[in-house]
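Student:
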Amino acid sequence: MVWGNKNEMDLIVTIVEQGKAEDVIEFAKKAGAEGGTILSGRGCGPHDTSKLLGILIEPEKEVVLTLVPRSKTNTILTAIEIGVDLNKPGKGIAFVINVSNVVGLGVSKKEDNK
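Using my numbering, you'd call the opening residue of the sequence shown number 42 and step up by one each time.
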């Protein structure tokens, strides 16, 4: 089953330093999200670059994927931004991707309950 259409869901992608993903999910849930998925990653932005013996060190990152109803996107994004200080350099980044369709057991159950 497919749940949603191009005007209903957004994916908030948040990239933070290792150890901060649980905080992202906590702030997102307090703002109305139902949960999130944490992925490990590595990479660097302009505030992360450092070298050791001439070798670029890529810091460990955590990527949080949070699928939310479009009506809650701004509230949840703002809660994440404030909660983990994304407005400060080097703290991370968050962005939103429009989602056109969603499939899966969790969202299918929601549709069945309508």
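Where is the CB? At the ideal position from N, CA and C, for every residue including glycine.
When we look at the beta-carbon of F136 and count the other beta-carbons within 10 Å, is it buried (16 or more) or exposed?
Tutor: Exposed: under 16 other Cβ atoms inside 10 Å.
Student: Measure from the alpha carbon of G145 to the alpha carbon of each residue in P100, R83, G82, L108, then state which is nearest.
Tutor: If we check each option's Cα against that of G145, L108 comes out closest.
Student: Please give the ranges of any beta strand (DSSP E) in the segment 62–136, keeping only runs that are unbroken, at least 3 residues long and fully inside the region.
Tutor: For the segment 62–136, whole beta strand (DSSP E) runs of length 3 or above, ordered along the chain, are 78–83, 91–93, 96–98, 101–110.
Student: Does DSSP classify E49 as helix, strand or coil?
Tutor: Coil at E49, not helix or strand.
Student: Helix, strand or coil for T139, going by three-state DSSP, please let me know.
Tutor: Residue identity check: residue 139 is Asn in the sequence provided, not Thr. Strand, per DSSP.
Student: Pop quiz: A62 and A120 are said to be a contact at Cβ under 8 angstroms. What is the actual Cβ separation, rounded to whole angstroms?
Tutor: In fact, because the Cβ distance is near 15 angstroms, the residues do not count as touching under 8 angstroms.
Student: Give the C-beta separation of I117 and A74 to the nearest angstrom, bearing in mind that I take them to be a contact with Cβ-Cβ under 8 angstroms.
Tutor: Contact flag correct, Cβ pair sits at about 5 angstroms.
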